[in-house]
Structure formats: structure tokens, C-alpha cells
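Colleague:
2 protein chains.
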Amino acid sequence: MKLEEGRSKFIQAWGSLGSSWGISKSMAQIHALLLSYPEGLSADQIMEQVQLSRGNVNTNVRELINWRLVRKETVLGERKEFFVALHDVHSIAQNIMEERKRRELEPVRRLLNELKAAKLEGNKEEIEHFQSLLSDLADFVSQMENLTNLMTKINNNNYMKKLIKAIS
Amino acid sequence: MKLEEGRSKFIQAWGSLGSSWGISKSMAQIHALLLSYPEGLSADQIMEQVQLSRGNVNTNVRELINWRLVRKETVLGERKEFFVALHDVHSIAQNIMEERKRRELEPVRRLLNELKAAKLEGNKEEIEHFQSLLSDLADFVSQMENLTNLMTKINNNNYMKKLIKAIS
DNA sequence: TTAAACTTTCAGAAATTATTGAAAGTTTAA
DNA sequence: TTAAACTTTCAATAATTTCTGAAAGTTTAA
Chain A
1 MKLEEGRSKF IQAWGSLGSS WGISKSMAQI HALLLSYPEG LSADQIMEQV QLSRGNVNTN
61 VRELINWRLV RKETVLGERK EFFVALHDVH SIAQNIMEER KRRELEPVRR LLNELKAAKL
121 EGNKEEIEHF QSLLSDLADF VSQMENLTNL MTKINNNNYM KKLIKAIS
Chain B
169 MKLEEGRSKF IQAWGSLGSS WGISKSMAQI HALLLSYPEG LSADQIMEQV QLSRGNVNTN
229 VRELINWRLV RKETVLGERK EFFVALHDVH SIAQNIMEER KRRELEPVRR LLNELKAAKL
289 EGNKEEIEHF QSLLSDLADF VSQMENLTNL MTKINNNNYM KKLIKAIS
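Sequence order for the protein chains is A and B. Using our numbering, read the first sequence as starting at 1 and increasing by one per residue. Using our numbering, read the second sequence as starting at 169 and increasing by one per residue.
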């Protein structure tokens with residue numbers, strides 16, 4: 001198999017995986033492409049390799065930068081910008097988890113707090129059930145945050161990684 | 169605040185949260201509704217409370233059943249079916265993680281294995297980089313699986329939960 | 001300056017995904 | 001049986017999301 005073919009399979013698959021995780025296909029594909037190159041690529045190179053419009057590439061590369069998965073790089077004597085992926089898998093995972101935590105866990109927490117604070121009127125048993133749901137969910141959100149922190153620790157600590165494997 | 173209002177806020181918020189995780193809004197809303205009731209609701213009750221068509225309710229309830237988040241219940245002397253949510257937050261999380269593992273992690277693993285097995289032709293350094301990406305990703309997938317298993321353990325073991333919190 | 005090289009924006013188009021609702025299917029009670 | 005009560009299916013439609021590409025904006029070199 002030609003390297004190009006393998007890369008292309010990887011890009012396609014990553015794109016469809018992204019879709020099912022609520023990440024746009026283009027963004028996931030661009031990410032896969034950049035991951036597969038040790039060095040940075042220019043917007044035009046990305047456009048060509050993934051067959052996307054300039055606007056799309058621009059938007060999604062910017063989004064990848066927001067997620068801290070890609071950074072801009074300038075090359076001496078070159079006018080254009082190059083984009084390089086963060087290549088360390090653990091840092092990638094950590095950045096994605098942190099971003100999702102910020103974007104999704106925090107809104108949930110806000111909602112739960114708001115609802116928990118409200119004095120509810122209505123059927124007593126239903127209220128009790130509803131409030132216990134709210135408090136269970138709040139606990140769960142905290143636990144997810146603990147797990148994210150744990151993951152960060154694991155990434156920086158090989159001993160910890162072995163410990164996890166051992167107790168799992 | 170009326171209980172109904174709180175419930176409705178919860179349902180709306182859960183719906184939009186679902187969207188950003190690649191779960192259809194209706195499915196997430198129905199799930200939220202069922203979570204908020206201790207007992208089961210009939211298709212008609214769901215249709216009314218979440219304002220969805222019969223077909224949509226039918227499809228998404230079935231999907232929730234596939235995810236093992238909801239089960240059918242029959243009431244003696246009643247012709248229709250009632251749907252009850254799994255109410256234990258930890259079991260919910262576990263079922264979701266297992267389902268996503270099955271649906272998404274496994275296809276990734278298959279792709280990685282396929283690519284790892286292929287003998288690639290092309291620029292040596294690029295191939296090396298690509299292959300090291302593949303192997304990093306494979307390690308990462310395994311680690312995610314370990315983490316899922318760990319979570320299962322945590323759920324069934326309060327001591328473990330405290331341990332996690334302590335080392336996090 | 002200015003003009004070429006490059007990046008950004010965003011309205012409209014396209015693609016994808018979700019939803020409806022009516023018709024077909026199934027089950028049950030009488 | 002049959003007919004009412006209920007569930008399922010799926011083609012058509014709607015809603016949402018993503019993508020395009022041309023125009024506007026910015027930067028740099030000369």
C-alpha cells in the first residue's frame with residue numbers, strides 16, 4: 001500500500017468518527033491530515049489534500065487552534081502560514097477533554113445549580129424524585145471532572161498509568 | 169418555580185446538550201423526561217410532554233432501549249406499553265460508555281490494525297512518522313478502554329471512588 | 001504608495017440529519 | 001372473526017449543519 005493511500009484511509013475514517021462525536025467532518029479530516037505530517041502544511045496544501053474550499057479550511061483550522069490541537073507556524077522567508085498539529089497523543093486527549101469540560105460540563109453544572117436552588121412547587125413525591133435526580137447528576141459531573149484530572153495525572157506519570165491498569 | 173417548569177428546563181437543556189454529543193435532540197429530551205419521572209410513561213404521554221410526533225417517539229424510545237437506558241414496562245390490565253428510564257446515574261454512564269466503546273472505539277481499532285498491518289511504500293521518514301502516529305493512537309485507545317473499565321469498578325466500589333478522588 | 005500574496009468573512013447552496021404523519025402491521029378482547 | 005387499541009414503518013418534508021467561493025480585508029515587499 002502506498003503511504004498516500006494509508007493516509008487517505010486514515011483521514012476518511014477520522015472524518016466519519018468525528019461526525020459521530022459532534023465534530024464536523026472537515027475539522028476531523030484536517031486534523032487527521034495534520035497529524036499524519038510531521039511538519040506543517042499551508043492552507044493551499046490542506047485544500048488540495050482534503051479537497052475542501054479555502055473558506056472551510058480557514059474556518060476549521062481556526063477552530064482546531066481554539067481547541068489547542070493545532071498551531072500556526074511561520075517559515076523564514078515565506079509569506080504564508082503553516083499549520084502544525086500537536087503530535088503528542090496524551091496532550092491531544094487532554095486538550096479535547098478540557099475543551100469539552102469547559103463547553104459542555106460547565107453548562108450542565110450551571111443548569112443543575114439553578115434548578116437545585118429553585119424552590120419547586122407541586123406533587124411532593126415527584127419533586128423528591130426530581131431533586132434526587134439533580135443531585136445524582138451533580139455528583140456524576142464532579143466524578144467526570146475527577147476522572148479528567150486523573151487522566152491528566154496518568155499522562156504525566158508512568159507509574160500512575162501502571163497503577164490504573166493494575167486496578168482496572 | 170413549578171415542578172413542571174423545572175422539568176421542562178431540564179428537558180430543553182438536556183436536548184441541546186445531547187446535540188453537541190452527537191445524540192439527537194429528541195432522543196435526549198425523551199431521555200430527560202423519563203429520567204424525571206419515577207414511573208413509566210406511555211408513548212402518548214411522551215408525545216404530549218415533549219411535543220413530538222408518534223413516529224419520532226417510537227423511533228427514539230426504541231433507540232434508548234438499544235442503549236439500555238430505558239426499558240418497556242407493562243401494567244396489569246393496560247393495553248399500552250410504558251417506558252421507564254434506568255435511574256441509577258452510574259449505570260447510565262456505564263451503559264453509555266459501553267455503547268460508545270462498541271460503536272466508536274472498535275471501528276477505530278479495526279482501522280488502526282488494518283493500517284498497522286499494511287506494508288507502506290513511500291518516503292521513509294514520513295512512513296515512520298505515520299506509523300508512530302498509528303501506534304500512539306492504538307495505545308491511546310487501549311488506555312481509554314482501561315479508563316472505562318476503571319469507571320465500572322468505581323461505580324461498584326465506594327472505596328475505589330475515594331481512592332480516585334484522593335489521587336486526582 | 002501600490003500591488004501582489006495571502007487571510008478572513010459570510011450569504012447562499014448543498015448536504016446531512018431529524019421529524020412528521022398517514023398507512024400498514026400487530027395484538028387483544030369480546 | 002372483527003374491530004378497537006395500540007405499535008411500527010417509511011416516504012416526504014423540514015430543520016439544521018456544513019461548505020463554497022467570491023468579495024472584502026490585511027500584510028508585506030518594493
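All C-beta atoms, glycine included, are put in the ideal place defined by N, C-alpha and C.
So the alpha helix (DSSP H) residue 108 of chain A belongs to, where does it begin and stop?
Modeller: Per DSSP, residue 108 of chain A belongs to the alpha helix (DSSP H) from 106 to 117.
Colleague: Grouping DSSP H, G and I as helix and E and B as strand, with all else coil, what is residue 271 of chain B?
Modeller: Helix, per DSSP.
Colleague: Are there three or more Cβ pairs, one per stretch, closer than 8 Å when the segment 27 to 43 of chain A is compared with the segment 65 to 75 of chain A?
Modeller: Result yes; three or more Cβ-Cβ pairs closer than 8 Å.
Colleague: Where DSSP assigns a beta bridge to residue 241 of chain B, which residues make up the other side?
Modeller: Paired residues: B:250.
Colleague: Taking DSSP's pairing of strands, which residues face residue 2 of chain A in a bridge?
Modeller: Answer is B:289, bridged to residue 2 of chain A.
Colleague: Do the CB positions of residue 167 of chain A and residue 154 of chain A come within less than 7 Å of each other?
Modeller: The answer is no: Cβ separation not under 7 Å.
Colleague: When DSSP labels each residue in this structure, what does residue 221 of chain B get in the three-state scheme?
Modeller: Residue 221 of chain B falls in the coil class under three-state DSSP.
Colleague: Taking Cβ to Cβ, would you say residue 3 of chain A is nearer than 7 Å to residue 288 of chain B?
Modeller: Contact: yes.
Colleague: Could you tell me the distance, in whole angstroms, from the CA atom of residue 152 of chain A to the CA atom of residue 182 of chain B?
Modeller: Going from the Cα of residue 152 of chain A to the Cα of residue 182 of chain B covers about 27 Å.
Colleague: Between residue 61 of chain A and residue 279 of chain B, what straight-line distance do the alpha-carbon atoms span, to the nearest angstrom?
Modeller: About 25 Å.
Colleague: With DSSP as the reference, please indicate the residues paired to residue 210 of chain B in a beta bridge.
Modeller: For residue 210 of chain B, which the question treats as bridged, DSSP gives the partners B:250.
Colleague: Count the other CB atoms, across all protein chains shown, that sit within 10 Å of the CB of residue 16 of chain A; report buried if there are 16 or more and exposed otherwise.
Modeller: Exposed is the call here.
Colleague: Are there three or more Cβ pairs, one per stretch, closer than 8 Å when the segment 210 to 219 of chain B is compared with the segment 42 to 58 of chain A?
Modeller: In short, these stretches do not touch, since the Cβ pair count stays below three.
Colleague: Are the Cβ atoms of residue 40 of chain A and residue 84 of chain A separated by less than 7 Å?
Modeller: Contact: yes.
Colleague: Buried or exposed: residue 75 of chain A, going by 16 or more other Cβ atoms within 10 Å of its Cβ?
Modeller: Its Cβ having fewer than 16 others within 10 Å, residue 75 of chain A is exposed.
Colleague: Consider the C-beta atom of residue 293 of chain B and the heavy atoms of the ligand PLP; say whether any pair is separated by less than 6 Å.
Modeller: In the structure shown, the ligand PLP is absent, as is every other ligand, since no ligand is present at all.
Colleague: Would you kindly report the start and end of the unbroken alpha helix (DSSP H) that includes residue 225 of chain A?
Modeller: Any property of residue 225 of chain A remains undetermined from this structure, which presents chain A solely from 1 to 168.
Colleague: Could you give the DSSP three-state label for residue 22 of chain A: helix, strand or coil?
Modeller: Here residue 22 of chain A sits in coil by DSSP.
Colleague: Where does residue 338 of chain B fall in DSSP's three states?
Modeller: In the structure as shown, chain B starts at 169 and stops at 336, and residue 338 of chain B therefore has no counterpart that could be examined.
Colleague: Quick one: Cα of residue 300 of chain B to Cα of residue 6 of chain A, how far?
Modeller: One C-alpha to the other measures close to 13 Å.
Colleague: Under 7 Å between the Cβ atoms of residue 284 of chain B and residue 302 of chain B?
Modeller: Cβ distance < 7 Å, so residue 284 of chain B and residue 302 of chain B count as in contact.
Colleague: Using 7 Å as the threshold, is the C-beta distance between residue 204 of chain B and residue 82 of chain A below it?
Modeller: For residue 204 of chain B and residue 82 of chain A, no; Cβs fall outside 7 Å.
Colleague: Measuring straight from C-alpha to C-alpha, what distance separates residue 190 of chain B and residue 178 of chain B?
Modeller: Distance between the alpha carbons of residue 190 of chain B and residue 178 of chain B: 18 Å.
Colleague: Does residue 182 of chain B come out as helix, strand or coil in the three-state DSSP assignment?
Modeller: Helix, per DSSP.
Colleague: Thinking C-alpha only, which one of B:328, B:314 and B:239 is nearest residue 260 of chain B?
Modeller: Among B:328, B:314 and B:239, the Cα nearest to that of residue 260 of chain B is on B:239.
Colleague: So with CB distances below 9 Å, who are the chain B contacts of residue 36 of chain A?
Modeller: Ordered by position in chain B, the residues that pass the 9 Å Cβ test against residue 36 of chain A are 294, 297, 298 and 301.
Colleague: If you draw a straight line from the C-alpha of residue 199 of chain B to the C-alpha of residue 18 of chain A, how long is it?
Modeller: Their Cα atoms are separated by approximately 24 Å.
Colleague: With 7 Å set as the bound, which would you pick, yes or no: does the beta-carbon of residue 3 of chain A sit closer than that to a beta-carbon of chain B?
Modeller: Interface residue, yes.
Colleague: DSSP state of residue 62 of chain A, grouped into three classes?
Modeller: Correct three-state label for residue 62 of chain A: helix.
Colleague: Verify whether the separation of the beta carbon atoms of residue 1 of chain A and residue 306 of chain B is less than 7 Å.
Modeller: Contact: no.
Colleague: Quick check: what's the CA-CA separation for residue 266 of chain B versus residue 281 of chain B?
Modeller: Each residue's Cα considered, the two are about 21 Å apart.
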